[in-house]
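Enquirer:
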């Protein structure tokens, strides 16, 4: 409940000077502003009518401050009729602007030579890791920049175009295949012949699928994917066209043309028959900084690593090396 008492009538303000005493905004004086605010009448503190003057040392502000002699910080700080002690002294000071900038401006941002980060749209670290890796492939980067018409691209559009759920973490290797398949089809539509084959020139190689009869050494060769040699024996013997019968054989895939960029994916997961679920392998892996494939030397350019103990969630990071 509010305390009962006498109600003090509030001056609604005086605007009669508008259009009579004042014709243009530059003619408005502090007195006009006081009248409009309902502060006309009574003793006026002089600060709003005269410029501030520093207090003479030892006189405690009496008579030489440019303010009314009865005006004091303790009495007037919360007085609605007084314009003094509201912090205006600091604002009107000659060095006020410089002091404000000095107190509020932060230090110059640190210049970084490293790549900028990519926004995680939920659980899209697997996609960001591969995008960072591909960005460091200069040929791939220049090809993409040759097709992009705007300087800024919304990353959400990429996730939507690939129909990925932002909240579900996908396998990084599967995303790599999906992204390369989509972007290769888009490059193939480009009228520029060099851009049309940009992906195939960089990432596409050729392998030969070879089946050799162990009896007559006959070989059948077809194009296929890379895999380890397979022994064909028992119920899975090879029907050799030269021997005209089933014979033990070896089947393997050998590279016949190596691409400029090779992606190697290690699926470090095992199936636990106790829990009947997939688990992550904890075996450590040591990889060299260069390998030899088909008499060609390949330098390591980047490694994508999955952090975490679970095979179903965690975080993907990317370590890259600049091309020299």
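Numbering (full-length UniProt numbering), first residue to last: 1 to 324. All C-beta atoms in this analysis are idealised placements derived from N, C-alpha and C, irrespective of residue type, glycine included.
State whether the segment 123 to 132 contacts the segment 307 to 324, with contact taken as three or more CB pairs (one from each stretch) at a distance under 8 Å.
Expert: Enough Cβ pairs lie closer than 8 Å, so yes.
Enquirer: Measure the Cβ-Cβ separation of residue 253 and residue 209 and say whether it is below 7 Å.
Expert: Contact: yes.
Enquirer: Near residue 93, what residues of its chain come up, given a Cβ to Cβ distance below 6 Å and the 5 sequence neighbours on each side ignored?
Expert: Within the same chain, residue 93 has no close Cβ partners at all.
Enquirer: Expressed to the nearest angstrom, what Euclidean distance is found between the alpha-carbon atoms of residue 326 and residue 103?
Expert: Because the chain in this structure spans residues 1 to 324, residue 326 falls outside the shown range and cannot be described.
Enquirer: Less than 7 Å separating the beta-carbons of residue 112 and residue 155?
Expert: No; because the gap between Cβ atoms is not below 7 Å, this pair is not in contact.
Enquirer: Have a look at residue 183 and residue 117 and give me their C-alpha separation to the nearest angstrom.
Expert: Distance between the alpha carbons of residue 183 and residue 117 is about 22 Å.
Enquirer: Nearest-angstrom Cα distance between residue 303 and residue 105?
Expert: For residue 303 and residue 105, the distance between alpha carbons rounds to 40 Å.
Enquirer: If I measure Cβ to Cβ from residue 175 and keep anything under 7 Å in the same chain, skipping five residues before and after, which residues do I get?
Expert: The answer, listed in chain order, is 126, 127 and 130.
Enquirer: Taking the alpha carbon of residue 294 as the reference point, which residue from 206, 95 and 149 has its own alpha carbon closest?
Expert: With distances taken between Cα atoms, residue 294 lies closest to 206.
Enquirer: If residue 213 and residue 161 are in contact, beta carbons under 8 Å, what's the gap, nearest whole angstrom?
Expert: 48 Å between Cβ atoms; not a contact.
Enquirer: What's the C-alpha gap between residue 231 and residue 110?
Expert: Going by the C-alpha atoms only, they are around 59 Å apart.
Enquirer: Quick one: give me the first and last residue of the beta strand (DSSP E) that residue 299 is part of.
Expert: Per DSSP, residue 299 belongs to the beta strand (DSSP E) from 296 to 299.
Enquirer: Mind checking residue 216: buried by the 16 CB within 10 Å criterion, or exposed?
Expert: Result: exposed.
Enquirer: Please classify residue 272: does DSSP put it in a helix, a strand, or coil?
Expert: It is a strand residue.
Enquirer: Under 7 Å Cβ to Cβ from residue 96, same chain only, skipping five residues before and after it: list those, please.
Expert: Within the same chain, residue 96 has close Cβ partners 90.
Enquirer: For residue 311, which option in 170, 240, 177 and 246 has the closest C-alpha, if you only look at C-alpha atoms?
Expert: When each option's Cα is compared against that of residue 311, the closest is 170.
Enquirer: Quick test of your reading: residue 285 and residue 264, contact by CB under 8 Å. State the CB separation rounded to the nearest angstrom.
Expert: Not a contact, Cβ separation roughly 11 Å.
Enquirer: Helix, strand or coil: how does DSSP classify residue 66 here?
Expert: Residue confidence for residue 66 is low, a pLDDT of 47 falling below 50, so the modelled location carries little weight; the figure read from the coordinates is stated next. Looking at residue 66 - three-state DSSP - the assignment turns out to be coil, as it is neither helix nor strand.
Enquirer: Where residue 297 and residue 140 are concerned, what is the direct C-alpha to C-alpha distance, given to the nearest angstrom?
Expert: C-alpha separation (whole angstroms): 20 Å.
Enquirer: Do you know whose CA, among 99, 199 and 247, lies nearest residue 234's CA?
Expert: With distances taken between Cα atoms, residue 234 lies closest to 247.
Enquirer: Would you mind giving the Cβ-Cβ distance between residue 177 and residue 187, rounded to the nearest angstrom? I have them listed as a contact below 8 Å.
Expert: Incorrect: roughly 16 Å between the Cβ atoms, too far for contact.
Enquirer: Give me the residue from 163, 143 and 220 with the minimum Cα distance to residue 199.
Expert: Checking every option, the nearest Cα to that of residue 199 belongs to 143.
Enquirer: Could you check the C-alpha separation between residue 273 and residue 279 for me, to the nearest Å?
Expert: Looking at the two C-alpha atoms, the distance is approximately 10 Å.
Enquirer: Would you kindly report the start and end of the unbroken alpha helix (DSSP H) that includes residue 256?
Expert: Looking at the DSSP string, residue 256 is not in any alpha helix (DSSP H); the run it does join, the beta strand (DSSP E), is 249 to 257.
Enquirer: Cα separation between residue 150 and residue 159?
Expert: Spanning the two alpha carbons is a distance of roughly 18 Å.
Enquirer: In angstroms, rounded to a whole number, what distance separates the CA positions of residue 287 and residue 101?
Expert: If you take the alpha carbons of residue 287 and residue 101, they lie about 53 Å apart.
Enquirer: May I ask you to list the residues that DSSP assigns as paired with residue 27?
Expert: Residue 27 pairs with nothing; no bridge assigned.
Enquirer: Return helix, strand or coil for residue 33, following the three-state DSSP convention.
Expert: The answer is helix: DSSP assigns residue 33 an H, G or I state.
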